[in-house]
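Whatever position you read off the sequence shown (first residue = 1), add 39 for the numbering used here. Glycine included, each C-beta is placed from N, C-alpha and C at the ideal position. From a predicted model like this one, the values you see are computed outputs, not experimental measurements. Heads up, the thing below is written out as structure tokens.
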Amino acid sequence: MQREAVAMGTPWKVGYGLETAALSTALFHGGLTCGACYEIKCHNSPRWCLDSTIRVTATNLCPPGHRSVHNWCNLPNQHFDFSQPMFGKIAIYEAGVVPILSCRALWVRSGGIRYEIKGKLDWIIVLVSNAGEAGDVKKVKVKGSGSEWISMAQNWGQNWRCSVQLVGRRANRLEIWSYQ
40 MQREAVAMGT
50 PWKVGYGLET
60 AALSTALFHG
70 GLTCGACYEI
80 KCHNSPRWCL
90 DSTIRVTATN
100 LCPPGHRSVH
110 NWCNLPNQHF
120 DFSQPMFGKI
130 AIYEAGVVPI
140 LSCRALWVRS
150 GGIRYEIKGK
160 LDWIIVLVSN
170 AGEAGDVKKV
180 KVKGSGSEWI
190 SMAQNWGQNW
200 RCSVQLVGRR
210 ANRLEIWSYQ
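Listed below in structure tokens is the structure:
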């Protein structure tokens, strides 16, 4: 089973629904583009393209293949792997793979930014989702009562971690910076 870079479960549980895509290694950037929003249109394939545009959120790595004939997700390819319903909005399903035009997009999300904090006595990990705007997060800091701001390191996808003891401290705070 593929580990999900953003949701660590299912994308719809954190508000992404089916409007998601797995990104090839060239676009994934070690998970830093998890949560990023893209606008996509099928391009230059009149036989297969439909005249519509979709918006998707990057939620996973499209794993590189070593047995596949096409290896769409391998470097240096820039590839988006869509859910079937999303692909069906831009192209006829039987096409399989089509050329696309893509660009980063801003997306207004409902419900505000979400985060989930887990940890033990001496470390915490924060999963950030539903960031809105550009969607991806570039920096996270945490602060407990009586401590300075502590920079967190990207662990996987939009999971950010640090080794710090915050148990029992009041007013723990997070600062989250997104690309805009």
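Residue of the options minimising C-alpha distance to residue i
i	options	result
SER217	ARG208, ALA75 and GLY150	ALA75
ILE139	GLU187, ARG153, ASP120 and GLU133	ASP120
THR59	GLY104, GLY174, ARG212 and ASN194	GLY174
SER141	LEU166, ILE189 and HIS118	HIS118
GLY158	LEU100, ARG212, SER168 and GLN204	GLN204
VAL137	GLY150, GLU155 and SER84	SER84
GLY171	GLY150, ILE93, PRO124 and GLY185	GLY150
THR98	LYS178, GLU133 and LEU57	LEU57
Residue i to residue j span [Cα, whole Å]
i	j	result
ASN198	LYS128	31 Å
SER122	LEU62	12 Å
GLU214	ARG148	18 Å
ARG153	HIS68	22 Å
GLY70	HIS82	27 Å
PRO102	THR64	7 Å
CYS201	CYS88	46 Å
TYR55	ASN169	8 Å
TRP188	VAL181	6 Å
CYS73	VAL167	10 Å
GLY185	GLU133	60 Å
TRP146	ARG86	30 Å
Close beta carbons around residue i, own chain, < 7 Å, minus the five adjacent residues each side
i	result
SER91	LYS128 and ILE129
GLY104	ASN110, CYS112 and ASN113
GLN193	GLY70, LEU71 and TRP199
ASP161	SER202 and GLN204
ASN116	SER63 and ALA65
Residue i classed as buried or exposed, judged by whether at least 16 other C-beta atoms fall within 10 angstroms
i	result
ARG208	exposed
VAL206	exposed
LEU66	buried
Local conformation of residue i per DSSP, three classes
i	result
GLN197	coil
TYR154	strand
ARG42	A caution first: ARG42 carries a pLDDT of 48, below 50, which makes its placement in the model too unreliable to give a value.
THR59	strand
GLU187	coil
THR64	helix
ALA220	The structure shown does not extend to residue 220, since the chain is modelled only from 40 through 219, so no value can be given for it.
ILE164	strand
ILE129	helix
Residue i beta carbon near the ligand MN (any heavy atom closer than 8 Å)
i	result
THR64	This structure simply doesn't include the ligand MN, nor any ligand for that matter.
Other residues of its chain near residue i: CB distance less than 6 Å, five sequence neighbours each side excluded
i	result
ILE93	ILE79, MET125, LYS128 and ILE129
SER190	LYS180
Test: residue i CB closer than 9 Å to a CB of chain D
i	result
ASN116	Absent from the structure is chain D; it holds one protein chain and no more.
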